[in-house]
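In full-length UniProt numbering, the protein residues as written are 1 to 154. Glycine residues also receive a C-beta, built at the ideal position from the N, C-alpha and C atoms. Since we're looking at a predicted model, the values are computed, not measured. First up is the structure itself, then whatever we jot down about it.
Here is the structure:
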């Protein structure tokens, strides 16, 4: 994939994050792409579903599994606006997702807080064949999160 494709699909993940923001959920959005086509979407629904596992990544992955009728996604790319947490990394590991692209880092809850911060993607908590791309549209992704939490502190 070309870098401009990463930007295009991250913009769609940001639209999902905005849906979460508008619903007063932590604004994280995700899309799953196969062959340059979005096959599933998700945004945080933890409050709405009263379920701490209802993260954008989990919702998008479940929808993708249902769409393709399989439990593995080796040909898929997950675009997510914020660094996945350790729980989502587990789901991504078991799904064998081929590529993960995320926007903003999450120093508080991201997987790198709980793993070796100097780890390369080969030693991160993802499947060994998974490619990781960090920092796509990171400023826009971070701004949405900062805006959300800034409003909550007032």
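Residue 23 is not a Cβ neighbour of residue 81, given a cutoff of 7 angstroms. Following the DSSP letters along the chain, one finds residue 131 inside the beta strand (DSSP E) bounded by residues 131-134. By the neighbour-count criterion, in which 16 or more other beta carbons inside 10 Å mark a residue as buried, residue 150 falls on the exposed side.
Residue 20 is positioned such that its CB atom lies closer than 7 angstroms to that of residue 43.
DSSP places residue 63 inside the alpha helix (DSSP H), whose first and last residues are 56-68. By alpha-carbon distance to residue 96, the top candidate from 153, 125, 56 is 125. Nearest to residue 26 by alpha-carbon distance, out of 46, 7, 33, is 46. For residue 28, there is no enclosing alpha helix (DSSP H), as DSSP marks it with neither H nor E.
Counting along the chain, residue 78 sits inside no alpha helix (DSSP H); it lies in the beta strand (DSSP E) bounded by residues 76-82. Counted as a single uninterrupted DSSP element, the stretch harbouring residue 72 is not any beta strand (DSSP E), since DSSP gives it neither H nor E.
Contact between residue 39 and residue 32 holds: CB atoms are separated by about 5 angstroms, below the 8 angstroms threshold.
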